[in-house]
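Participant: Here the protein sequences line up with chains A and B, keeping their order. Residue 0 is where the first sequence starts when you use numbering that gives the first Met the number 0, and the numbers rise one by one after that. Residue 0 is where the second sequence starts when you use numbering that gives the first Met the number 0, and the numbers rise one by one after that.
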Amino acid sequence: MSEGWLKEKSPFIIASAFLGFLMLIFLLLPIINTVAISTDKLGSAIMSFETREAIFTSFYAAFLATLFTFIFGVPLAYILARYKFPGKNIIDASIDLPILIPHDAAGIALLLLFGSNTLIGSGFSKIGISFFRTLFGIVLAMAFVSSPFMIRSAEEAFKSVNPAMEKVARSLGASKFKAFRHVTFPLAFRGILTGCLLTWARSISEFGAVIILANVPITAPVQLYYVFTEQGLSAAVAITALLIIMTVAIFIVIKLITAKPFKPVY
Amino acid sequence: MSVQVESLSKKWENFSIRNVNLKIGDGEYFVILGSTGAGKTLLLELIAGFHKPDSGRIIIDDTDVTVLPPEKRGIGFVPQEYVLFPHMTVAENVEFGLKMQNFAKAEREKIVKETLEFMNLSSLRNRLPMTLSGGEQQKTALARALVIKPKILLLDEPLSALDINTQKRMRNELKRIHKELKITTIHVTHNQVEAFILADRLAVMKNGTIVQVGTPEEVFHKPKDDFIARFVGFENLFEGKIVENRNGIARIDIGGIIIEAVTEKTGECIIGVRPDDIIISKSLFKSSMRNMLKGKITEFVDMGSLVSLTVNVDNTVFTALITRRSFLEMTLTKGSEVFLLFKASAVHVI
Numbered sequence: 000m001s002e003g004w005l006k007e008k009s010p011f012i013i014a015s016a017f018l019g020f021l022m023l024i025f026l027l028l029p030i031i032n033t034v035a036i037s038t039d040k041l042g043s044a045i046m047s048f049e050t051r052e053a054i055f056t057s058f059y060a061a062f063l064a065t066l067f068t069f070i071f072g073v074p075l076a077y078i079l080a081r082y083k084f085p086g087k088n089i090i091d092a093s094i095d096l097p098i099l100i101p102h103d104a105a106g107i108a109l110l111l112l113f114g115s116n117t118l119i120g121s122g123f124s125k126i127g128i129s130f131f132r133t134l135f136g137i138v139l140a141m142a143f144v145s146s147p148f149m150i151r152s153a154e155e156a157f158k159s160v161n162p163a164m165e166k167v168a169r170s171l172g173a174s175k176f177k178a179f180r181h182v183t184f185p186l187a188f189r190g191i192l193t194g195c196l197l198t199w200a201r202s203i204s205e206f207g208a209v210i211i212l213a214n215v216p217i218t219a220p221v222q223l224y225y226v227f228t229e230q231g232l233s234a235a236v237a238i239t240a241l242l243i244i245m246t247v248a249i250f251i252v253i254k255l256i257t258a259k260p261f262k263p264v265y
Numbered sequence: 000m001s002v003q004v005e006s007l008s009k010k011w012e013n014f015s016i017r018n019v020n021l022k023i024g025d026g027e028y029f030v031i032l033g034s035t036g037a038g039k040t041l042l043l044e045l046i047a048g049f050h051k052p053d054s055g056r057i058i059i060d061d062t063d064v065t066v067l068p069p070e071k072r073g074i075g076f077v078p079q080e081y082v083l084f085p086h087m088t089v090a091e092n093v094e095f096g097l098k099m100q101n102f103a104k105a106e107r108e109k110i111v112k113e114t115l116e117f118m119n120l121s122s123l124r125n126r127l128p129m130t131l132s133g134g135e136q137q138k139t140a141l142a143r144a145l146v147i148k149p150k151i152l153l154l155d156e157p158l159s160a161l162d163i164n165t166q167k168r169m170r171n172e173l174k175r176i177h178k179e180l181k182i183t184t185i186h187v188t189h190n191q192v193e194a195f196i197l198a199d200r201l202a203v204m205k206n207g208t209i210v211q212v213g214t215p216e217e218v219f220h221k222p223k224d225d226f227i228a229r230f231v232g233f234e235n236l237f238e239g240k241i242v243e244n245r246n247g248i249a250r251i252d253i254g255g256i257i258i259e260a261v262t263e264k265t266g267e268c269i270i271g272v273r274p275d276d277i278i279i280s281k282s283l284f285k286s287s288m289r290n291m292l293k294g295k296i297t298e299f300v301d302m303g304s305l306v307s308l309t310v311n312v313d314n315t316v317f318t319a320l321i322t323r324r325s326f327l328e329m330t331l332t333k334g335s336e337v338f339l340l341f342k343a344s345a346v347h348v349i
């Protein structure tokens, strides 16, 4: 990046800087303003049992959703990164669908498949797992909407590892799994970890699918919605600020971990 | 350990090999020579087991390994650009194969120490690959492949990423390793000098097929067709007709110029003369060389210690090499009249 770009005094650069500044204001001002006007109310928000409970539920469910998408999403990402097969383009495109469809629509879709009166839902009920208005439902909704983040991050991470490394590992006596475990996975780890953090952060903030499928136990975004609709804006400010501060903290952690340039390992 | 490739064919992305047959003897240093896209790497990777052939067989030491995965073939593989594991030190890279084959820790440490000493890498054992020079990376990749005592060693363009001086050093290193370990080696390259110096025998590959197999002497001085001739450095290639053949000495008309060559052939042919087999003189002198042509220098290229001359002989263009010293002593330049002299035995008839 040119260090003297400001000194260039090019009309194009100046216009870009001005428009970019306006964009930054648009992104940051609502957040800064909310935190600034609620500092005196943060204490009461933290002390509220319901708020603490909702935040814990969000964090815990997001952790389980991340675990779920890790177990099922990382293998899919590996296959997509390494292999060609019929229908790959369709599968590849469909991974991003959860991001594209409205999240309350996603909640309805999940309810139609996993609700108590459905074939799959009643099947799971027999082994004690129910999705409607349960923690399992929250995890399912979170996993559905945030899985593209895990899969895409892991896929890019695997693509950045030279396939020749696996060939060499196999020539040295490693099976396909050992080559993956000792060479590919360690080298892709930082990218996969980024995927985990993004999945977790996205899951915490999920509202639309969760409120349809499982509005209880109450998560932080659902709690915020109830407080806003029942008690008004000023009551919701403190929880909002708390959620923003926690989200920003997660964001800083992600940026610190991913600060080192992600270089392809060729 | 011997290697046999029987009627091997494979189509893979933009590359293909067709009906390849090879027999490589125990302890032989075998080079597969060809230009980019000839299919050399694909052939090597098929022998390694990274791809399944469409048809044909691969036999290593009398065992059909065609359906065996790479980890069961007993091969050592050094890919292009070495591909060291960046998250492991030199010692850990070298140790990797022993770990995968479940050697005990104490034994691994002993073998790694001995291998690093053998390859003169002991002082680098705790370094990460990104801190190594090209030559050091290449030696580490070799050590990693050799430590598991493979039946055959497969080298994919091992010297191509190195500068000329390091290439020379590493060529000597490869020769030393091969001489001491006597390991069957298959080395793939596009570099003729590398092939000529290292190979016990070599195969020339073109468009996925093997076009000639032989010793370096046979391939470089008696190429089977004009493609091979051009590839191994014959620049003076001409179509001609053998107009007379007496006692094995043929007179060949290449468009008004008569060239004498040692051959039993008759009829249409292609002849080739290596630029380094042509002697340049400003005057004729008594000599056993049967071919003496007079021409004019139309171009010259100073290549450092040698000068390449383009000489027009009755509208037929020859390329010859002369030392820089001789070029200067004879005060040659564009337009200088010279004589080209070469032996009949230096003319290769295809």
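We put the CB at the ideal spot given by N, CA and C, even for glycine. Bear in mind the structure is a predicted one, so any value in this text is a computation, not a measurement.
#1: Which residue marks the beginning of the alpha helix (DSSP H) containing Q211/B, and which one marks its end?
#2: For a test of the three-state rule: what should DSSP assign to M118/B, helix, strand or coil?
#3: Beta-carbon of R169/A versus every beta-carbon of chain B: anything under 8 Å?
#4: Once you ignore the five residues that flank L350/B on each side, which residues in its own chain have a CB closer than 8 Å to its CB?
#5: State the DSSP-derived secondary structure class of F176/A, mapped to helix, strand or coil.
#6: By a C-beta neighbour count over all protein chains shown, 10 Å radius and 16 as the cutoff for buried, is D91/A buried or exposed?
#7: Exposed or buried, what is Y81/B when buried is set at 16 or more other beta-carbons lying within 10 Å of its beta-carbon?
#8: Can you tell me where the alpha helix (DSSP H) holding T33/A begins and where it ends?
#9: Please name the residue in A213/A, I12/A, F84/A, Y225/A whose C-alpha comes closest to that of D103/A.
#10: Would you kindly report the start and end of the unbroken alpha helix (DSSP H) that includes N164/B?
#11: For a contact defined as C-beta to C-beta under 9 Å, what are the partners of F76/B on chain A?
#12: Tell me, to the nearest whole angstrom, how far the beta carbon of T56/A is from that of I217/A; I am working on the premise that it is less than 8 Å.
#13: With 8 Å set as the bound, which would you pick, yes or no: does the beta-carbon of A156/A sit closer than that to a beta-carbon of chain B?
#14: So F130/A packs on A105/A, CB below 8 Å; how close in whole Å?
#15: When you check each C-beta in the region 147 to 160 of chain B against every C-beta of chain A, which residues fall closer than 9 Å?
#16: Output yes if chain A places a C-beta closer than 8 Å to the C-beta of L177/B; else output no.
#17: The alpha helix (DSSP H) that contains R124/B, what's its start and end?
#18: Going by beta carbon distance, what residues of the same chain come within less than 8 Å of T239/A, once the five residues before and after it are set aside?
#19: Please state whether DSSP places I150/A in a helix, a strand or coil.
#20: Please compile the residues from chain B whose C-beta is within a distance smaller than 7 Å of the C-beta of V182/A.
#21: Taking C-beta pairs closer than 9 Å, name the residues in chain B that L255/A reaches, listed in chain order.
#22: Among residues of its own chain, excluding the 5 on either side of E94/B, which ones have a beta-carbon nearer than 6 Å to its beta-carbon?
#23: Where do the ends of the alpha helix (DSSP H) carrying H186/B lie?
#24: In three-state terms, what does DSSP make of A37/B?
#25: Going along the region 119 to 139 of chain A in order, which residues come within less than 7 Å of chain B, judged by CB to CB distance?
#26: I want to verify the contact list: residues of chain B whose CB lies under 7 Å from the CB of P185/A, in sequence order.
#27: Any chance you could list the beta strand (DSSP E) runs of at least 3 consecutive residues sitting entirely within the region 77 to 158 of chain B, in chain order?
#28: Counting contacts by CB-CB distance shorter than 8 Å, is A268/A in contact with chain B?
#29: Taking one C-beta from the region 179 to 194 of chain A and one from the region 149 to 165 of chain A each time, how about it: are there three or more such pairs within less than 8 Å?
#30: What residues match up with F350/B in a beta bridge as DSSP calls it?
#31: A47/B versus chain A: which residues are under 7 Å apart at the beta carbon?
#32: Is it right to say A319/B is buried, meaning 16 or more other beta carbons lie within 10 angstroms of its own, or is it exposed?
#33: Tell whether a beta-carbon distance below 8 Å holds between G73/B and K150/B.
#34: Under 8 Å, Cβ to Cβ, is there at least one residue of chain A near E70/B?
#35: Hey, is K87/A's beta-carbon within less than 8 Å of any beta-carbon in chain B?
#36: Which residues, taken in chain order from the region 97 to 121 of chain B, show a beta carbon closer than 7 Å to some beta carbon of chain A?
Facilitator: Looking at the coordinates:
#1: Careful: Q211/B lies outside any alpha helix (DSSP H), inside the beta strand (DSSP E) at 208 to 213.
#2: Coil at M118/B, not helix or strand.
#3: Residue contact with chain B for R169/A: present (Cβ-Cβ distance below 8 Å to some residue of chain B).
#4: Lying before the first or after the last residue shown, residue 350/B is absent from chain B, which here runs from 0 to 349.
#5: It is helical.
#6: So D91/A counts as exposed.
#7: Around the beta-carbon of Y81/B, 16 or more other beta-carbon atoms lie within 10 Å, marking it buried.
#8: That run of the alpha helix (DSSP H) goes 10 to 36.
#9: Nearest option by C-alpha distance: A213/A.
#10: From DSSP, the alpha helix (DSSP H) with N164/B extends over 163 to 180.
#11: Going along chain A in sequence order, the residues near F76/B (Cβ under 9 Å) are K166, V167, R169, S170, L171.
#12: Confirmed, Cβ separation roughly 7 Å.
#13: It does not: the Cβ of A156/A has no partner Cβ on chain B nearer than 8 Å.
#14: Between A105/A and F130/A the Cβ distance is about 13 Å, and since that is not below 8 Å, they are no contact.
#15: Residues passing the 9 Å Cβ filter: I147, P149, L153.
#16: Going by the sequence as given, residue 177/B is His instead of Leu. Against chain A, the CB of H177/B has no partner CB under 8 Å away; the residue lies outside that interface.
#17: R124/B -> no alpha helix (DSSP H), and no H or E assigned at all.
#18: Closer than 8 Å at the Cβ level, and outside the excluded window around T239/A, lie T33, S37, L223.
#19: Under the three-state reduction of DSSP output, I150/A falls in the helix class.
#20: In chain order: F84.
#21: Ordered by position in chain B, no residue passes the 9 Å Cβ test against L255/A, which lies about 20 Å from the chain.
#22: By the criterion of a C-beta distance shorter than 6 Å, E94/B is surrounded in its chain by R107, V111, once the five residues flanking it on both sides are discounted.
#23: For H186/B, there is no enclosing alpha helix (DSSP H); the enclosing beta strand (DSSP E) covers residues 183 to 188.
#24: A37/B falls in the coil class under three-state DSSP.
#25: Of all residues in the region 119 to 139 of chain A, none has a C-beta nearer than 7 Å to a C-beta of chain B.
#26: Within 7 Å Cβ-Cβ: H86.
#27: Fully enclosed beta strand (DSSP E) runs of 3 or longer: 151 to 155.
#28: For chain A, the structure presents residues 0 to 265; residue 268/A sits outside this window and is missing.
#29: Touching, yes.
#30: With chain B represented from 0 up to 349, any question about residue 350/B goes unanswered, as that position is not in the structure.
#31: By Cβ distance, chain A contributes S170.
#32: With 16 or more Cβ atoms within 10 Å of its Cβ, A319/B is classed as buried.
#33: Pairing G73/B with K150/B gives a Cβ-Cβ distance under 8 Å.
#34: Yes, contact with chain A.
#35: Not one beta carbon of chain B lies nearer than 8 Å to the beta carbon of K87/A.
#36: The region 97 to 121 of chain B vs chain A, Cβ under 7 Å: M99, Q100.
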